[in-house]
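Heads up: the sequence shown begins at 1 in the numbering used here, then just goes up one per residue.
Every residue, glycine too, gets a C-beta built ideally from N, C-alpha and C.
Here is the structure we will look at.
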Amino acid sequence: MGEQADGKLGFWGAVSISVGGMIGGGVFAVLGVVATIAGAASWLAFTLASLVSMCAAYSYVKLNAIGERRGGSVSQLEEYVDNDDVAGIVGWTLLFGYVGAMAMYAYAFGSFAVALTPPFVLDAVPLGEQLVRPAYSVAAVGLFVALNLVGAQATGTTEVALVGIKVAVLLAFGALGVWYGATNAALTFGTSTIAEVSPVIMATAVSFVSFQGWQLIIYDQESIKNPEENVPKAIYYSIVATIVIDGLIAIIVTSLASREVIQAHPERALANAVNPILPGEIGFVIVAIAAIFSTGSAINGTLFSSAHFAKGMISDGLLPDETGRAGADGAPSRTILIFGALAAAFTAYGSLNGITSFGSLAFLAVFGAMSYLAFQQRDHESITPVIPAAGIGGTAVFFVLLLWHLWSAERGTFFVVVAVAAVVVAIELLYFERDSIVDGIDTIEDEVADGLD
């Protein structure tokens, strides 16, 4: 059962929140972007990203277990570093990363909804798909904002149902794809691309935004039954399941759809790949509907968990009181509305590559920081230092490589991502250094006044 009588999420509800975010991002939003870089070796890029993410997950789980405070990165930084400013900046970075992830899911949601919209409807709308896609995306965000305002039990029940539909469709497509590919000798594994190394590494860096779903349930512990046992199990189960599903689907999609077809609509890569297997448009329609359920569940789970995360930051004074009420029963309504508005703005005006890259950079930075924090606690008997060390090395390398990829291959996206990141950092510094800034302004005013006298 996903839910208990007390309204808390059970084990499968927690797994569903985690898997919903990762598969929603990996298969239906990021796969096409990764495939344009790594081609048939996309399965390896996803696997490498998930393994580095597993190292970060290990760090989170161990820090959560050995510390006195239960929670995610902010709680752990407050306990082990004892610096509220550092904890707050990391927390804000994560929140903006989650907003970017929700925008990415909503972008894919809107694109699939457009694909299912009759052409005469698109023709009747000024600007056609250019206007309809953002409208669908914003509507999706609005729908799940409303759902999250209802509460945890409705969210968890919905999540179990949505993930169940999604996994069933993906497994069915996977079985059909393997059968069709094996029968027609069409399956490819990108051995030539793997030998080149560079495309796989670059694609791995881009795909990190799709492997943050497990982190969400760290922040939901107050909403999960028996969290000491269920949270670690749910995290590891969900990552392994995602490795298998993402890898399988990546092999099938890149085997059955040409790179040109994938590049035309990266977010629809899976739906386009099903055309050789099922006659007519039936396969495309089935996958498109599954994609809408999938990306919807990803928006739902990310909004649910990030709002709980923000609630903890509000109670610690790391977010302004105006962003929500720390004493709220469940996620603060105002916080949900703010996150929804930001995600809607990102998905309406951003590009898929820009949103994906921004999210990946944010999560790489935070995962690396948390792996380093766990490595510092390596003297504790329950921590195996080689795992967080691998997390540090992996995130550092892929962070630099992602920036290099954007600079060399997508210069325009590079400047947009850097500009957005700079604005985010500036806002963070202004908030956490506001007292020093005010003191400095007062000092300057006093000196000016003394000079005039």
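Span of the alpha helix (DSSP H) around residue i
{"i": "Ile-249", "result": "227-256"}
{"i": "His-380", "result": "Counting along the chain, His-380 falls outside any alpha helix (DSSP H), and DSSP gives it neither H nor E."}
{"i": "His-405", "result": "386-409"}
{"i": "Phe-334", "result": "Here residue 334 turns out to be Arg, not Phe, going by the sequence shown. 333-349 is the span of the alpha helix (DSSP H), which, as asked, contains Arg-334."}
{"i": "Ser-459", "result": "Nothing about residue 459 can be reported from this structure: the residues present for the chain run from 1 to 453 only."}
{"i": "Phe-120", "result": "119-124"}
{"i": "Val-132", "result": "129-150"}
{"i": "Gln-455", "result": "As displayed, the chain neither begins before 1 nor continues past 453, which places residue 455 out of reach and without an answer."}
{"i": "Tyr-80", "result": "73-80"}
{"i": "Val-197", "result": "Neither: Val-197 is in no alpha helix (DSSP H) and is coded neither H nor E."}
DSSP state of residue i mapped onto helix, strand, coil
{"i": "Leu-170", "result": "helix"}
{"i": "Ile-224", "result": "strand"}
{"i": "Leu-270", "result": "helix"}
{"i": "Leu-9", "result": "strand"}
{"i": "Pro-279", "result": "coil"}
{"i": "His-265", "result": "coil"}
{"i": "Phe-28", "result": "helix"}
{"i": "Asn-184", "result": "coil"}
{"i": "Asp-84", "result": "helix"}
{"i": "Ala-328", "result": "coil"}
{"i": "Leu-430", "result": "helix"}
Test item: CB-CB of residue i and residue j under 8 angstroms
{"i": "Leu-361", "j": "Ile-201", "result": "no"}
{"i": "Ala-234", "j": "Val-424", "result": "no"}
{"i": "Ile-23", "j": "Ile-314", "result": "no"}
{"i": "Asn-272", "j": "Ala-257", "result": "yes"}
{"i": "Phe-46", "j": "Ile-292", "result": "no"}
{"i": "Ala-38", "j": "Ser-255", "result": "no"}
{"i": "Leu-373", "j": "Ser-59", "result": "yes"}
{"i": "Ile-251", "j": "Phe-189", "result": "yes"}
{"i": "Ser-111", "j": "Val-90", "result": "no"}
{"i": "Ala-307", "j": "Ala-343", "result": "no"}
{"i": "Lys-225", "j": "Gly-359", "result": "no"}
{"i": "Ala-140", "j": "Gly-32", "result": "no"}
{"i": "Glu-267", "j": "Ala-106", "result": "no"}
{"i": "Ile-194", "j": "Ser-305", "result": "no"}
{"i": "Leu-116", "j": "Val-132", "result": "no"}
{"i": "Gly-213", "j": "Ser-238", "result": "yes"}
Cβ of residue i within 8 angstroms of any chain D Cβ
{"i": "Leu-147", "result": "The chain inventory of the structure shown lacks chain D, comprising one protein chain alone."}
Cβ-based neighbour list, residue i, same chain, cut-off 7 angstroms, excluding 5 preceding and 5 following
{"i": "Val-274", "result": "Phe-173, Gly-283, Phe-284, Val-287"}
{"i": "Arg-378", "result": "Pro-385"}
{"i": "Pro-232", "result": "Val-61"}
{"i": "Ser-333", "result": "Leu-149"}
{"i": "Ala-113", "result": "Tyr-136, Ile-292"}
{"i": "Thr-204", "result": "Ala-45, Leu-48, Ala-49, Phe-398"}
{"i": "Leu-406", "result": "Ser-357, Thr-413, Phe-414, Val-417"}
{"i": "Phe-346", "result": "Val-99, Gly-100, Ala-103, Ile-355"}
{"i": "Ala-168", "result": "none"}
Supposed contact pair residue j and residue i - C-beta distance, whole angstroms, cut 8 angstroms
{"i": "Phe-208", "j": "Ala-49", "result": "5 angstroms"}
{"i": "Thr-395", "j": "Phe-367", "result": "5 angstroms"}
{"i": "Val-19", "j": "Ile-249", "result": "The pair is not a contact, with the Cβ atoms about 13 angstroms apart (cut-off 8 angstroms)."}
{"i": "Ser-351", "j": "Thr-302", "result": "In fact, because the Cβ distance is near 20 angstroms, the residues do not count as touching under 8 angstroms."}
{"i": "Val-86", "j": "Leu-77", "result": "6 angstroms"}
{"i": "Gly-67", "j": "Gly-312", "result": "14 angstroms between Cβ atoms; not a contact."}
Own chain, CB closer than 8 angstroms to residue i, minus 5 neighbours either side, in chain order
{"i": "Leu-187", "result": "Val-178, Gly-181, Ile-251, Ile-252, Ser-255"}
Close beta carbons around residue i, own chain, < 6 angstroms, minus the five adjacent residues each side
{"i": "Val-261", "result": "Asn-272"}
{"i": "Gly-97", "result": "Gly-359, Ala-362, Phe-363"}
{"i": "Gly-88", "result": "Leu-318, Phe-432"}
{"i": "Phe-144", "result": "Ile-299, Asn-300, Leu-303"}
{"i": "Arg-69", "result": "Ser-75, Glu-79"}
Check: residue i C-beta below 7 angstroms from any heavy atom of the ligand MG
{"i": "Pro-385", "result": "In the structure shown, the ligand MG is absent, as is every other ligand, since no ligand is present at all."}
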